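Per our numbering, the very first residue in the sequence shown carries number 64; after that it's consecutive. Beta carbons are placed, not taken as given, at the ideal position from N, Cα and C, and that holds for glycine. If you're wondering where the values come from, they're calculated on a predicted model, not measured in any experiment. The structure appears right after this line, and notes come after that.
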Amino acid sequence: EGLSCSQSTVRLLIERGVLNLPIETVKLMTYLHGNKKRDAHCGAVNGAAVALGAEFGFYEVGGHHDGRGYALMEEFLQAFEEKFGNVRCQELVGKTISERVDGQWTCAEYVVWAVDKVEELIKKGREMEAKEYADNWDE
Numbered sequence: 064e065g066l067s068c069s070q071s072t073v074r075l076l077i078e079r080g081v082l083n084l085p086i087e088t089v090k091l092m093t094y095l096h097g098n099k100k101r102d103a104h105c106g107a108v109n110g111a112a113v114a115l116g117a118e119f120g121f122y123e124v125g126g127h128h129d130g131r132g133y134a135l136m137e138e139f140l141q142a143f144e145e146k147f148g149n150v151r152c153q154e155l156v157g158k159t160i161s162e163r164v165d166g167q168w169t170c171a172e173y174v175v176w177a178v179d180k181v182e183e184l185i186k187k188g189r190e191m192e193a194k195e196y197a198d199n200w201d202e
């Protein structure tokens, strides 16, 4: 309660132990919610992108990029669109009060689904890394 969908997504991933980040990281998500009428991505999708970037991204110019993070993000986006029909906030929750449920934006379903999917994808990505490491070790 009191957090946006993007904040809730990252916070739940931290609380579940999926992301090894300080809880203050949630502050970075403050303005990455769907921005409702501005045709922005759903905040749960933004939270997923940040989580996958934290796990598989890089921060140095010319940093290591093996495509794994991009592939996992694409898998997330396709699955989200298949499940909910769109990744855009206004398409998911509506643009006006009459399109809201009980006068609220209803994002809990998107957040919970996104967290579960990201957890699955991070596990998959870590298993891929471990296999590649083991394969390279044997060479």
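{"query": "Rounded separation between residue 140 and residue 108 - CA only", "result": "8 Å"}
{"query": "Span separating the alpha-carbon of residue 166 from that of residue 129", "result": "Confidence in residue 166 is poor, its pLDDT being 45 and thus under 50, which makes the residue's placement too unreliable to answer from."}
{"query": "Through-space distance from residue 131 to residue 66, alpha-carbon basis", "result": "30 Å"}
{"query": "Beta-carbon proximity check, residue 181 vs residue 115, cutoff 8 Å", "result": "yes"}
{"query": "Local Cβ density within 10 Å of residue 119, reported as buried at 16 or more and exposed below that", "result": "buried"}
{"query": "Residue range of the alpha helix (DSSP H) that includes residue 73", "result": "68 to 78"}
{"query": "Buried or exposed (CB count within 10 angstroms, at least 16 for buried), residue 193", "result": "exposed"}
{"query": "Residue from 152, 89, 111 and 117 with nearest C-alpha to residue 136", "result": "111"}
{"query": "Bridge partners - residue 104, DSSP secondary structure assignment", "result": "151"}
{"query": "Through-space distance from residue 155 to residue 171, alpha-carbon basis", "result": "12 Å"}
{"query": "Separation of residue 81 from residue 186, as counted between CA atoms", "result": "9 Å"}
{"query": "Span separating the alpha-carbon of residue 203 from that of residue 177", "result": "Not covered by the structure: residue 203. The range shown for the chain is 64 to 202."}
{"query": "Local conformation of residue 93 per DSSP, three classes", "result": "coil"}
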